[in-house]
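All residue numbers for the sequence shown refer to full-length UniProt numbering, where the first residue is 1 and numbers rise by one.
Here is the structure we will look at, set down as structure tokens.
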Amino acid sequence: VEIQDVKYEEFVSLLFVIFYGRLEISNDTLLSILDVADQFQMKIVLDSIEKLLIESKKIKFTKKLLIANNYEFENLTNHCLQRLKKPRDFEVFWKSSEYEMFCDAMKKKLLDRHLDVLDLSESSH
């Protein structure tokens, strides 16, 4: 059976998650596997990838947040937002090219978090 627009290696990785409950992917294949899992609505795979992203130290913060935005990963979104703890954490982020790629809902979450951080920093002084 041929599955259109899906590479063999990506599909095997999906099956590996389903049968063994773990996922071993590289940064290079992450997005393509995410796309296939999303295409076939494989919640167990999407959940595994979200968990992997939360635990990963190798994937940049902005990439994680973009993935959370694109795949509506609520746990990953919350994890990323909690990492923003100081007003200056946002300054670099607002100026990045990635910021324009976020949907309005994510921009609102970022702004809400920024306001929370500002409130915390003001109340500690």
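C-beta: ideal position from N, C-alpha, C; glycine also.
None of the values given here were measured: they were computed from a predicted structure.
C-beta atoms of residue i and residue j nearer than 8 Å
{"i": "Arg53", "j": "Ile44", "result": "Here residue 53 is Leu; the residue named in the question, Arg, does not match the sequence. Against a cut-off of 8 Å, the Cβ pair of Ile44 and Leu53 comes out as no contact."}
{"i": "Leu46", "j": "Asp35", "result": "no"}
{"i": "Glu98", "j": "Leu66", "result": "yes"}
{"i": "Ser48", "j": "Thr29", "result": "no"}
{"i": "Glu55", "j": "Phe73", "result": "no"}
DSSP three-state assignment for residue i, whether helix, strand or coil
{"i": "Ile18", "result": "helix"}
{"i": "Val6", "result": "coil"}
{"i": "Ser96", "result": "coil"}
{"i": "Phe102", "result": "coil"}
Nearest to residue i (by Cα), restricted to the options the options
{"i": "residue 151", "options": "Ala68, Ser97, Phe19, Gln82", "result": "For residue 151 there is no data in the structure shown, the boundaries of the chain being 1 and 125."}
{"i": "Lys85", "options": "Leu110, Ser96, Ile33", "result": "Leu110"}
{"i": "Glu100", "options": "Glu2, Asp116, Ser32, Thr62", "result": "Thr62"}
{"i": "Met42", "options": "Ser56, Phe11, Lys57", "result": "Phe11"}
{"i": "Asp5", "options": "Tyr20, Asn75, Lys108, Ile33", "result": "Ile33"}
{"i": "Phe40", "options": "Asn75, Ala68, Asn70, Ile3", "result": "Ile3"}
{"i": "Glu91", "options": "Ile18, Leu115, Leu15", "result": "Leu115"}
{"i": "Leu31", "options": "Asn78, Lys107, Ala105, Lys7", "result": "Lys7"}
{"i": "Ala105", "options": "Asp89, Phe93, Thr77", "result": "Thr77"}
For residue j and residue i, believed in contact at Cβ under 8 Å, the rounded distance
{"i": "Asn75", "j": "Phe102", "result": "That belief does not hold up - the Cβ atoms of Asn75 and Phe102 are roughly 17 Å apart, past 8 Å."}
{"i": "Ser121", "j": "Pro87", "result": "6 Å"}
{"i": "Cys80", "j": "Lys64", "result": "6 Å"}
Notebook entry, point to check: Quick one: complete alpha helix (DSSP H) runs, 4+ long, within the region 24 to 87?
Noted result: Those alpha helix (DSSP H) runs which fall completely within the region 24 to 87 and span 4+ residues are 27 to 39, 43 to 55, 61 to 71, 74 to 83.
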